[in-house]
Amino acid sequence: MDKRTGLENGGLYDEHYVQKRIDRVDNVEESGKKLTGTFHTSGRDDMSVLAMQRLYDQVMGLAAKFKHGEQIKHVQMVVYTISQPNGPATPVDMVVDYHKYDYEFAEPPRVTSLQNTVPLPTFSDFGDDVYFVADQRGYESVVYYLAGQYLKADKSGKIVDPRLKLNKVVREISYSPNGVTVKTEDNSVYRADYVMVSASLGVLQSDLIQFKPQLPAWKVVAIYQFDMAVYTKIFVKFPKKFWPQGKGREFFLYASSRRGYYGVWQEFEKQYPDANVLLVTVTDEESRRIEQQSDNQTKAEIMGVLRKMFPGKDVPDATDILVPRWWSDRFYRGTFSNWPIGVNRYEYDQLRAPVGRVYFTGEHTSEHYNGYVHGAYLAGIDSAEILINCAQKKMCKYHVEGKYD
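Residue numbers for the sequence shown follow UniProt numbering, so the first one is 1 and each next one is one higher.
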């Protein structure tokens, strides 16, 4: 079979061929970093990641026509061959592109901002090593540890502070120059001088919480301009292993002619020995589609893919499957935010800005680390300082710089 058309029904691609595709994508990203370094910090020069890919292809086509020694001004680019204007078109190119961008941002390159994701501040500031968190306690333990620093707890560490109200669904927030009133679904009413809203961007974009009076137009527009992405990690358990194991084989990719179709796989022999569990990640439209079908249908699709990936293996039926439904859950309405093309620092500042006595926080308000847990943590500190400056120091004016300042 022609290696450009795919081995969708079984077989491994030539390692040298695949490495060349990976190297090409890495080269384009490195040159993209140089390009964003020339952009105005306001974001006015921004473009999508896909636009950058198209631009490289076009520029290199033009560069080939220039004689040796001639220069193309204002261009710092390398070759990235894209045979179609909508991005990589072959199965290998699509899954490599998906692994590079969608697997990180949960949305395709056509909507993701280049300036705000390349280079990615999280990797630039903390390193690009990625680790799987296998701690059985999960992130919840971090939340309870932090809460225990200022809320009353018993000897076992369990929080018993009467001020903490759990399992309350906020449905209405009323605000005025004199204070705020919060009403919950069970008809409880809470009054305070200020309120900090930490609901996800997806919830803010839904009708779960009603603000009275309605939030001003500039705030609503900022909320709806930002993207709430959907990122789904599906765990599948089997009675035995049939997949590659050992060093350098933790991840494997399925190069489908359908972009994003069960493409990125991970095995857990190191984290959970003998668990016989595989993880497959889907995002965006595939996540929404899968959330709306039964787990049995999803399991059947997964088994079809795995039997194509390992045609010579005895692939048993999965014994269990876990399909998170972040998008369908009214308390999340997605997984994390992604910075889209068309939103610059001006709109971001509006997204974070308080409205009267209503303050906002969450990973989507993190200036550099939106979409990440550490972004949520640091944003909480920033938002708390903004509120404290107003409540205690009467420094209540939040400055939003002009769109192109």
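Just so it is clear, CB atoms sit at the ideal spot from N, CA and C, and this is done for glycine as well. Predicted model, so just to flag it, every value in this text is computed and none were measured.
Between the Cα of Pro354 and the Cα atoms of Met228, Val220, Lys308 and Asp186, which residue gives the shortest distance?
Val220
With distance defined between alpha-carbon atoms, name the residue in Ser256, Gln266, Lys237 and Ala229 nearest to Lys247.
Gln266
What is the DSSP secondary structure of Ala229, reduced to helix, strand or coil?
strand
To the nearest angstrom, how far is it from the Cα of Glu401 to the Cα of Tyr346?
A direct Cα-to-Cα measurement between Glu401 and Tyr346 gives close to 7 Å.
Let's see if you can read the secondary structure: which residues bound the alpha helix (DSSP H) around Ser383?
Val373 to Lys393
Which listed residue (Tyr103, Leu208, Asp295 and Asp193) has its alpha carbon closest to that of Val358:
Asp193
Below 6 Å CB to CB, which residues in the same chain sit around Gly87 once its five sequence neighbours on both sides are set aside?
Leu50
Ranges of the alpha helix (DSSP H) found wholly within the region 290 to 346, counting only runs of at least 4
As far as the region 290 to 346 is concerned, its whole alpha helix (DSSP H) runs of at least 4 residues are 295 to 309.
Could you check whether Val170 and Val182 sit closer than 7 Å to each other, using their CB atoms as the reference points?
yes
Extent of the continuous beta strand (DSSP E) run through Gln266:
Val264 to Glu267
Here's a check: name, in chain order, each residue in its chain whose Cβ is nearer than 6 Å to the Cβ of Val315, leaving out the five neighbours to either side.
Phe242, Leu306 and Arg307
With DSSP collapsed to three states, give me the class of Thr365.
Thr365: helix per DSSP, three-state reduction.
Mind checking who Met196 pairs with in its DSSP beta bridge?
Tyr359.
Expected contact under 8 Å - CB spacing of Thr281 and Tyr131 to nearest Å
That belief does not hold up - the Cβ atoms of Thr281 and Tyr131 are roughly 16 Å apart, past 8 Å.
Inter-residue CB distance, Glu107 and Ala229 (contact presumed, cutoff 8 Å):
5 Å
Have a look at Ala147 and Pro109 and give me their C-alpha separation to the nearest angstrom.
38 Å
Taking the straight line between their C-alpha atoms, what separation do you get for Asn338 and Val118?
13 Å
Relative to the C-alpha of Gly138, which candidate in Ala379, Thr90, Gln53 and Val373 has its C-alpha closest?
Val373
Helix or strand or just coil, what does DSSP make of Tyr150?
coil
First and last residue of the alpha helix (DSSP H) that includes Thr122?
Pro121 to Phe126
Check the C-beta distance from Tyr224 over to Gln205 and give it rounded, since I have them as a contact under 8 Å.
Confirmed, about 6 Å.
Please report the distance separating the alpha-carbon of Ser188 from that of Glu172.
11 Å
With Tyr369 and Pro121 assumed to form a contact (beta carbons below 8 Å), what rounded beta-carbon distance in angstroms separates them?
6 Å
Own chain partners of Phe123 with C-beta closer than 6 Å, once the 5 adjacent residues on each side are dropped
none
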